[in-house]
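Numbering follows this note's numbering, in which position 53 of the sequence shown is assigned residue number 56; successive positions increment by one, without gaps.
Even for Gly, the Cβ is constructed at its ideal location relative to N, Cα and C.
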Amino acid sequence: MIFTSTEEFKPPEITKLYSRRMQIEQNFRDEKSERFGFGLRASYSRSAGRLSVLSLLATLSTIVLWLIGYHAENTGLHLRYQANSIKSRRVISYLTLAENVLRHSPLILKRTALDVVLHHLARTYRSMVLVY
Numbered sequence: 004m005i006f007t008s009t010e011e012f013k014p015p016e017i018t019k020l021y022s023r024r025m026q027i028e029q030n031f032r033d034e035k036s037e038r039f040g041f042g043l044r045a046s047y048s049r050s051a052g053r054l055s056v057l058s059l060l061a062t063l064s065t066i067v068l069w070l071i072g073y074h075a076e077n078t079g080l081h082l083r084y085q086a087n088s089i090k091s092r093r094v095i096s097y098l099t100l101a102e103n104v105l106r107h108s109p110l111i112l113k114r115t116a117l118d119v120v121l122h123h124l125a126r127t128y129r130s131m132v133l134v135y
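Laid out in structure tokens, this is it:
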């Protein structure tokens, strides 16, 4: 059950927005995690310049991983990496999925045209509810 004070959106739209929010939070968790993510604290960098560069690299890497994870889901690869019985939807983040796929099939990068994946993603997002 989701509670909201807005009357601007219909219940299905609110549910979509909430699922997007949860996905964004999961992606932030993946980026910060020292075990599963980039673990920026482990760099022990203190200067603003170095932290900016590390953040930029983490952001660019996240974008590429996210696109690979998105592509992996669209081609059905996510089903190979899910440890539970849910097969109707993806239950791990795009970043975790991409890391698993790259670990087991690193050549997928040679076969994946990220510009095509990005174009498909853009078309998909046009049909979603976005809030600015």
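Cutoff 7 Å; reference S87; Cβ partners in own chain excluding five residues on either side: On the sequence shown, residue 87 is found 84 positions in, with the first residue counted as 1. It should be noted that the sequence gives Asn, not Ser, for residue 87. Once the five neighbours on either side are set aside, the close Cβ partners of N87 are V94.
Where the alpha helix (DSSP H) through S58 begins and ends: By one-based count along the sequence shown, residue 58 stands at place 55. For S58, the enclosing alpha helix (DSSP H) covers residues A51 to N77.
L54 burial status per 10 Å Cβ neighbour count (16 or more: buried): Taking the sequence shown and counting its residues from 1, the one referred to as residue 54 is at position 51. It is exposed - the Cβ of L54 has fewer than 16 other Cβ atoms within 10 Å.
Looking at I71: is its Cβ nearer than 8 Å to the Cβ of A45? Your numbering for residue 71 matches position 68 in the sequence shown. Your numbering for residue 45 matches position 42 in the sequence shown. Contact: no.
In whole angstroms, what is the alpha-carbon distance linking T18 and I5? What you label residue 18 is simply residue 15 of the sequence shown in a count that begins at 1. What you label residue 5 is simply residue 2 of the sequence shown in a count that begins at 1. Rounded to whole angstroms, T18 to I5 spans 8 Å at the Cα level.
Nonlocal neighbours in the same chain, by C-beta distance under 7 Å from A75, ignoring five residues either side: To locate residue 75, count along the sequence shown from 1; it is residue 72. Taken in chain order, the residues that qualify are H81, L100, A101 and V104.
Three-state secondary structure (DSSP) at L98? As a first step, residue 98 is located in the sequence shown; it is residue number 95 there, counting from the start. DSSP places L98 in helix when its eight states are reduced to three.
For Y136 versus W69, is the C-beta spacing smaller than 8 Å? Residue 136 lies beyond the stretch modelled for the chain, which goes from 4 to 135, so this question has no answer here.
If you check the beta carbons only, do Y73 and V119 fall under 8 Å apart? Locating residue 73 in the sequence shown gives position 70, counting from the first residue. Locating residue 119 in the sequence shown gives position 116, counting from the first residue. No, they are not a contact pair.
Euclidean distance between Cα positions of E37 and T127: Residue 37 sits at position 34 when you count from the first residue of the sequence shown. Residue 127 sits at position 124 when you count from the first residue of the sequence shown. Across the structure, E37 and T127 are spaced so that their CA atoms are roughly 31 Å apart.
Can you have a look at G79 and say buried or exposed, based on whether 16 or more other CB atoms are within 10 angstroms of its CB? For the purposes of this step, residue 79 is taken as the residue at position 76 of the sequence shown. Under this definition G79 is an exposed residue.
Drop a sphere of 10 angstroms on the beta-carbon of G52, count the other beta-carbons inside from all chains shown, and report buried for 16 or more, exposed for fewer. Along the sequence shown, one-based indexing puts residue 52 at 49. Exposed, since its Cβ has fewer than 16 Cβ neighbours within 10 Å.
Let me know the secondary structure DSSP gives E11 once reduced to three states. Within the sequence shown, the letter at position 8 stands for residue 11. DSSP places E11 in coil when its eight states are reduced to three.
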